[in-house]
Amino acid sequence: MDAVLTFLSTPAGIGLAALIIAALIALVVLVVRRSGAAGPSVPEPPPPPAPAPESTQAKALETDSSQLPEARAGPADKSVPTPSTQPEEAEEAAETGALIEAPESLPSRMQRLRSRLAGSGSLGRAIVQILSRGELKATDWEEIEDTLLIADLGLDATDELMSRMKERVAIAGASDSTTIRTFLAEELLALVDENLDRSLHLDKQGENGELPATILMVGVNGTGKTTTVGKLARVLVAEGKSVLLGAADTFRAAAAEQLSTWGERVGVDVIKSDREGADPAAVAFDAVKQGAMRAVDVVLVDTAGRLQTKSTLMEELGKVKRVMEKQAPVSEVLLVLDATTGQNGLKQAQVFAEVAGVTGIVLTKLDGSAKGGIVVSVQKTLGVPVKFVGLGEGADDLAPFDPRSFVDAIVNS
Numbered sequence: 001m002d003a004v005l006t007f008l009s010t011p012a013g014i015g016l017a018a019l020i021i022a023a024l025i026a027l028v029v030l031v032v033r034r035s036g037a038a039g040p041s042v043p044e045p046p047p048p049p050a051p052a053p054e055s056t057q058a059k060a061l062e063t064d065s066s067q068l069p070e071a072r073a074g075p076a077d078k079s080v081p082t083p084s085t086q087p088e089e090a091e092e093a094a095e096t097g098a099l100i101e102a103p104e105s106l107p108s109r110m111q112r113l114r115s116r117l118a119g120s121g122s123l124g125r126a127i128v129q130i131l132s133r134g135e136l137k138a139t140d141w142e143e144i145e146d147t148l149l150i151a152d153l154g155l156d157a158t159d160e161l162m163s164r165m166k167e168r169v170a171i172a173g174a175s176d177s178t179t180i181r182t183f184l185a186e187e188l189l190a191l192v193d194e195n196l197d198r199s200l201h202l203d204k205q206g207e208n209g210e211l212p213a214t215i216l217m218v219g220v221n222g223t224g225k226t227t228t229v230g231k232l233a234r235v236l237v238a239e240g241k242s243v244l245l246g247a248a249d250t251f252r253a254a255a256a257e258q259l260s261t262w263g264e265r266v267g268v269d270v271i272k273s274d275r276e277g278a279d280p281a282a283v284a285f286d287a288v289k290q291g292a293m294r295a296v297d298v299v300l301v302d303t304a305g306r307l308q309t310k311s312t313l314m315e316e317l318g319k320v321k322r323v324m325e326k327q328a329p330v331s332e333v334l335l336v337l338d339a340t341t342g343q344n345g346l347k348q349a350q351v352f353a354e355v356a357g358v359t360g361i362v363l364t365k366l367d368g369s370a371k372g373g374i375v376v377s378v379q380k381t382l383g384v385p386v387k388f389v390g391l392g393e394g395a396d397d398l399a400p401f402d403p404r405s406f407v408d409a410i411v412n413s
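With the first letter of the sequence shown counted as 1, position 395 gets the number 395 in this note's numbering; the numbers rise by one all the way through.
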């Protein structure tokens, strides 16, 4: 033991002792660390998530907003076009595989609509059946008059037709159905007036043709106006026209989306607002402006359905037209009427004509000739022609109105 102590007192012994102590301390630290790793650990807080790409954030916002009530759209920021107004939309649709439909050609759809009309000639059948009874009594003529009035021919037109038919039947002494059908067809055709100009005036505007033709669509609630705008766009595309749609119906939240769907189907862009409290006139103004910048052939502007008794809404419609004309003259103002509304539709038409200067009528739901007399009465009331008719719910169930085919379907089917 004395020898060990003597050794440790030497420099060599002191160095050895220091090494042993250092080794023991290192061993203790190692044991402590291993025991800590084997025991329960406290999880560190996760790092904050990295900011998502802008496109992902936009998708998240879309998802969240879909759970909320739809807000009324508002005026778009003119400096930043909405996605639906981007010229690259067609390219994106092609990349994603979205299909653009080819609208049915006008000759094809007119032939199909003629056949559809031919199956609904109840008005003509009823009149010919009465006129074929032989010597007609006063009660027979009263029955004919009632039939015409029920068909919404109108009082003045009915009196005129009755007078002419009585005269011709009496002079000819006719009682056979073939002759009577000929008389009736000729007189109805005269009332419908096949000489009216039923074409759409789509010449480009401006001194050098730099401005598009513009069409303003108006009508009351529930006539299928927005749908008719989409169908008319298909007609124009089928004729080889480039078209731009303006969603100036800012009162109904789904109107712009509905119009966009129609546009996407035929590759037509839609100018719309995505802000609450939109001014319809501002949207219409932007649509015509964009149409001029893009050099399109036709700008077709949809407006909100409104009751003709609401003076404030009617004044707003007049404002929409005036604001559009600051960019380009309005080529056509088409009034969409439901053919089944009858004489009430004529009262609506008169107010719209006074406010917006209607140039033509689009009759929807003319899928039965029992109410076909509205064609005559609305033309007589407004002094403007029926230019298009709709005979179904299909995308291409809209065609230019052909008076001769219409009368032939009523009388000879």
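Even for Gly, the Cβ is constructed at its ideal location relative to N, Cα and C.
Assigned exposure category for residue 108 - 16 Cβ within 10 Å defines buried:
Result: exposed.
Spatial neighbours of residue 314 in its chain, beta-carbon cut-off 6 Å, leaving aside the 5 residues before and after
For residue 314, where only same-chain residues beyond five positions count, the Cβ hits under 6 Å are 355.
Whole angstroms are fine: how far does the CA of residue 265 sit from the CA of residue 99?
Approximately 7 Å between the Cα atoms of the pair.
Determine, using beta carbons only, whether residue 359 and residue 384 come nearer to each other than 8 Å.
Result yes, Cβ atoms of residue 359 and residue 384 sit closer than 8 Å.
Buried or exposed by the 16-neighbour rule on C-beta atoms within 10 Å, applied to residue 166
Its Cβ having fewer than 16 others within 10 Å, residue 166 is exposed.
Does residue 151 pass the burial test, meaning 16 or more other C-beta atoms within 10 Å, or should it be called exposed?
Burial call: buried.
State the Cα-Cα distance for the pair residue 407 and residue 156, rounded to the nearest angstrom.
C-alpha of residue 407 to C-alpha of residue 156: approximately 19 Å in a straight line.
According to the Cβ coordinates, are residue 103 and residue 292 closer than 8 Å?
Not a contact, by the Cβ cut-off of 8 Å.
Reduced DSSP secondary structure (H/G/I, E/B, other) of residue 84
Per-residue confidence for residue 84 stands at a pLDDT of 38, beneath the threshold of 50, marking its modelled position as unreliable; the derived number appears in the next sentence. Here residue 84 sits in helix by DSSP.
Output needed for residue 211: all residues of its chain with C-beta closer than 7 Å, excluding positions within five of it in sequence on either side, in chain order.
Non-local beta-carbon contacts of residue 211 in its own chain, meaning distances under 7 Å to residues more than five positions away in sequence, involve 204, 205, 292, 328 in chain order.
Span separating the alpha-carbon of residue 229 from that of residue 196:
Roughly 23 Å between the two C-alpha positions.
Residue 268 and residue 243: beta carbons closer than 8 Å?
Cβ atoms of residue 268 and residue 243: closer than 8 Å.
For residue 393, which residues from the same chain have a beta carbon less than 7 Å from its beta carbon, with the 5 sequence-adjacent residues on both sides left out?
Counting only residues of its own chain and dropping the five nearest sequence neighbours on each side, residue 393 has no CB closer than 7 Å to any other CB.
Quick one, are the C-beta atoms of residue 390 and residue 366 less than 8 Å apart?
Cβ distance < 8 Å, so residue 390 and residue 366 count as in contact.
Which of helix, strand or coil does DSSP assign to residue 222?
Coil, per DSSP.
Looking at the strands, I want to know which residues DSSP matches up with residue 390.
Bridge pairing for residue 390: 398 [DSSP].
Below 6 Å CB to CB, which residues in the same chain sit around residue 399 once its five sequence neighbours on both sides are set aside?
For residue 399, same chain residues with a beta-carbon under 6 Å away, outside a window of 5 residues either side, are 109, 110, 113 in chain order.
Roughly how far, in whole angstroms, is the beta-carbon of residue 256 from the beta-carbon of residue 323, given that I think they are within contact range, below 8 Å?
Between residue 256 and residue 323 a beta carbon distance of about 18 Å is seen, past the 8 Å cut, so the two are scored as non-contacting.
Secondary structure, alpha helix (DSSP H): runs of 4+ residues fully inside the region 227-274:
As far as the region 227-274 is concerned, its whole alpha helix (DSSP H) runs of at least 4 residues are 255-266.
So, at 6 Å on beta carbons, what are the nonlocal neighbours of residue 362 in its own chain, with the 5 sequence-adjacent residues on each side left out?
Closer than 6 Å at the Cβ level, and outside the excluded window around residue 362, lie 228, 334, 336, 388.
Contact set for residue 320: own chain, Cβ-Cβ below 8 Å, skip 5 residues either direction
Same-chain partners within the cutoff: 216, 248, 280, 281, 284, 301, 303.
Which same chain residues end up closer than 7 Å to residue 177 when comparing Cβ atoms and leaving out the 5 residues on each side of it in sequence?
In chain order, 128, 132 place their CB closer than 7 Å to the CB of residue 177, counting only its own chain and leaving out the 5 sequence neighbours on each side.
Let me know if residue 26 comes out buried or exposed under the rule of 16 or more other beta-carbons within 10 Å of its beta-carbon.
So residue 26 counts as exposed.
How is residue 68 classed by DSSP in three states: helix, strand or coil?
Here the model assigns residue 68 a pLDDT of 33, short of 50, so the residue's position is not dependable, and the following value carries that caveat. Assignment of residue 68 by DSSP, reduced to helix, strand and coil, places it in the coil class.
Tell me the rounded alpha-carbon separation between residue 330 and residue 297.
Cα to Cα, the separation comes out at about 13 Å.
Coil, strand or helix - residue 10 by DSSP:
Looking at residue 10 - three-state DSSP - the assignment turns out to be coil, as it is neither helix nor strand.
Just the Cα atoms here: how many angstroms apart are residue 396 and residue 139?
Here the alpha carbon of residue 396 sits roughly 43 Å from the alpha carbon of residue 139.
For residue 130, name the three-state secondary structure that DSSP assigns.
Correct three-state label for residue 130: helix.
What did DSSP end up calling residue 215 once you bin it into helix, strand or coil?
DSSP places residue 215 in the strand class (E or B) of the three-state scheme.
Please return the same chain residues whose Cβ sits closer than 6 Å to the Cβ of residue 63, not counting the five positions on each side in sequence.
Per-residue confidence for residue 63 stands at a pLDDT of 35, beneath the threshold of 50, marking its modelled position as unreliable; no derived number is given.
Measure from the alpha carbon of residue 376 to the alpha carbon of each residue in 207, 317, 159, 142, then state which is nearest.
Cα-wise, what sits closest to residue 376 is 159.
Less than 8 Å between the CB atoms is what I'm expecting for residue 161 and residue 148, so what's the real figure, rounded?
A Cβ-Cβ separation of about 6 Å places residue 161 in contact with residue 148 under the 8 Å criterion.
The beta strand (DSSP E) spanning residue 361 covers which residue range?
Per DSSP, the continuous beta strand (DSSP E) segment holding residue 361 begins and ends at 360-364.
For residue 337, list the residues DSSP reports as bridge partners.
Partner(s): 363.
Using CA atoms only, rank isn't needed, just tell me which of 254, 190, 136 is closest to residue 380.
Ranking 254, 190, 136 by Cα distance to residue 380 puts 190 first.
Alpha helix (DSSP H) segments (min. 4 residues) lying fully within the region 293-322:
Listed in chain order, nothing qualifies, since the region 293-322 has no complete alpha helix (DSSP H) run of 4 or more residues.
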